[in-house]
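Notes follow the structure.
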Amino acid sequence: MLIETMIALNKTIRLFLDSIGRRDEYEFYLNKFQSGPTDCFALLCPDAGSIEAGAEVLAFDLHFLLRLELVPAILLAGDEAMTMQQTLAKEPIFIFQTLEKGTTASFIEHARAQERVPVLVAAGQSLEEALLQLLPETAQRVHFIRAAGGLKNTAGELVPYVYTHKENFQALEALPFDYPALGKKLLETRPGVHLSITSPINLLEEIFTVKGAGTLFRKGSEILHFQGLEDADRGRLLELLETAFGKKLAGTDFLDNVAHAYIEQDYRGAVLLEEHPAGLYLSKFAVGKEARGEGLALELWREVHETHNALFWRSNVNNPFNSWYHKESNGHHHAGKWQIYWRGVDPSDISGIIEYCSARGEDFC
């Protein structure tokens, strides 16, 4: 009977995860979180509005995380901490303790044993002070939760990435709490932490999918620009390409044709461009699995299209990235297994680039 119950539970969990996102994505994150070295896999920092409006939703999601053997901790800090605690105390899944040095790890382990969610209450500290005390030993991930969800631009559209140490692409909405400033402070003093902000209803999608469902805070990447690949590390580049595409390269001769390469300094992402009379052919656009969902693809793309006007490329028709390519291109054409895109190409050259992309051989086995 116990075995049958466990099988039914596992099926229910699998179906729920399938409803959130792609299986390969959530399995990647699930394995990553379950093998993490910290006391809990994430710190959740809700604002008063998210608790007032969504305490039951939050409790449901956290109960699901416990079923996955993932224990998050909730941090309540500042003037409204006690009020938020009173609201959460109505849900039996939560267990509370005042934030004190030296007792956090044992409290989280105690909550884990009881299959409950630990809530750390720091009424006498600001959110920044409490997080600086807890990171990175207690957790290396922080999810801010607010009723309004991720940050918006001045037009009310979601901003998926805020680059705290670079010029941001869009101006942000007026905020009652300066999350970008806090994000900048934490990324400076606690390098390597993951910071994002979402709503209670989108928390699981934010956690388990590459695309996410909120706003991610990043310092911003250093992108190296090479003219040709003479000064690039070809070994690391080839490893990135095969890992990102999940295939072995049929050969490496195509690298000799690369005229421009934009490569993240740690070789976690790269764009390779070849010369063509109609513009530049985007030969490869690769982002490593560990870097997906961080906005690196957007940073690479911005570097490329700010420098080069006429671009064209092809993508397998089954590539889930194609919806984004549609938005970033001026036009596209379906040819067999390929979807061909162009941006800034002269209309008289379009038939020629379609023929070029269709006839070009495969670079992977």
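Residue 184 in the UniProt record's numbering is what sits at position 184 of the sequence shown, and the numbering runs on without skipping anything. We put the beta carbon where it would ideally sit given N, CA and C, even for glycine. Note that this is a predicted model, so its numbers are computed, not measured.
Spatial distance of residue i from residue j (CA atoms)
i, j, result
"residue 81", "residue 121", "7 Å"
"residue 173", "residue 157", "9 Å"
"residue 109", "residue 198", "26 Å"
"residue 1", "residue 69", "The pLDDT assigned to residue 1 is 37, lower than 50, so where the model puts this residue is not dependable; a value taken from the coordinates is nonetheless given after this. One C-alpha to the other measures close to 22 Å."
"residue 321", "residue 117", "36 Å"
"residue 192", "residue 218", "10 Å"
"residue 369", "residue 313", "Residue numbering for the chain in the displayed model covers 1 to 365; residue 369 lies beyond these limits and cannot be assessed."
"residue 107", "residue 28", "28 Å"
"residue 284", "residue 238", "11 Å"
"residue 194", "residue 62", "19 Å"
"residue 329", "residue 309", "12 Å"
"residue 136", "residue 190", "7 Å"
"residue 6", "residue 111", "Reliability fails at residue 6, whose pLDDT of 37 lies under 50, so the model's placement of it is uncertain and the value that follows must be treated cautiously. One C-alpha to the other measures close to 22 Å."
"residue 252", "residue 327", "31 Å"
"residue 264", "residue 300", "8 Å"
"residue 335", "residue 350", "13 Å"
"residue 331", "residue 337", "17 Å"
"residue 323", "residue 235", "31 Å"
"residue 124", "residue 289", "40 Å"
"residue 196", "residue 185", "14 Å"
"residue 33", "residue 178", "28 Å"
"residue 74", "residue 318", "39 Å"
"residue 167", "residue 306", "14 Å"
"residue 95", "residue 53", "20 Å"
"residue 315", "residue 143", "34 Å"
"residue 325", "residue 282", "12 Å"
"residue 225", "residue 352", "28 Å"
"residue 208", "residue 36", "15 Å"
"residue 46", "residue 266", "33 Å"
"residue 105", "residue 113", "12 Å"
Beta-bridge partners of residue i, as assigned by DSSP
i, result
"residue 46", "145"
"residue 247", "None; residue 247 has no bridge partner."
"residue 393", "Any question about residue 393 goes unanswered here, given that the chain covers just 1 to 365."
"residue 186", "Answer is none; residue 186 lacks a bridge partner."
"residue 258", "274"
"residue 281", "274, 312"
"residue 290", "DSSP lists no partner for residue 290."
"residue 263", "224, 270"
"residue 36", "DSSP, once it has assigned bridges, lists no residue as partnering residue 36."
"residue 219", "Partner(s): none; residue 219 has no beta bridge."
"residue 359", "Answer is none; residue 359 lacks a bridge partner."
"residue 364", "249"
"residue 335", "338"
"residue 152", "158"
Sequence-distant residues of the same chain with beta carbon closer than 7 Å to residue i, five excluded per side
i, result
"residue 286", "240, 241, 244, 245, 269, 270"
"residue 171", "153, 154"
"residue 333", "340, 354"
"residue 294", "216, 218"
"residue 8", "Confidence in residue 8 is poor, its pLDDT being 41 and thus under 50, which makes the residue's placement unreliable; the coordinate value appears in the next sentence. Here the set comprises nothing."
"residue 255", "229, 234"
"residue 4", "Reliability of the predicted coordinates at residue 4 is poor, the pLDDT of 42 falling under 50, and no value is obtained from them."
"residue 298", "161"
Beta-carbon proximity check, residue i vs residue j, cutoff 8 Å
i, j, result
"residue 296", "residue 348", "no"
"residue 48", "residue 98", "no"
"residue 216", "residue 161", "yes"
"residue 93", "residue 59", "yes"
"residue 345", "residue 278", "yes"
"residue 164", "residue 187", "yes"
"residue 148", "residue 40", "no"
"residue 30", "residue 72", "no"
"residue 364", "residue 250", "yes"
"residue 66", "residue 115", "yes"
"residue 360", "residue 311", "no"
"residue 145", "residue 180", "no"
Sequence-distant residues of the same chain with beta carbon closer than 8 Å to residue i, five excluded per side
i, result
"residue 101", "133"
"residue 259", "227, 228, 273, 274, 275, 280"
"residue 126", "77, 78"
"residue 291", "264, 268, 269"
"residue 248", "242, 364, 365"
"residue 175", "151"
"residue 56", "91"
"residue 38", "136, 137, 138, 139, 140"
Other residues of its chain near residue i: CB distance less than 6 Å, five sequence neighbours each side excluded
i, result
"residue 356", "none"
"residue 303", "223, 262"
"residue 182", "128"
"residue 51", "84, 87"
"residue 213", "198, 202, 205, 206"
"residue 358", "335"
"residue 159", "151, 153, 170, 215"
message: In chain order, what are the residue ranges of uninterrupted alpha helix (DSSP H) at least 4 long that sit wholly in the region 40-128?
response: With a minimum length of 4 residues, the continuous alpha helix (DSSP H) runs that stay inside the region 40-128 are 48-67, 81-88, 104-113.
message: In chain order, what are the residue ranges of uninterrupted alpha helix (DSSP H) at least 4 long that sit wholly in the region 154-214?
response: If one requires a minimum length of 4 residues, the alpha helix (DSSP H) runs lying completely within the region 154-214 are 179-189, 203-208, in chain order.
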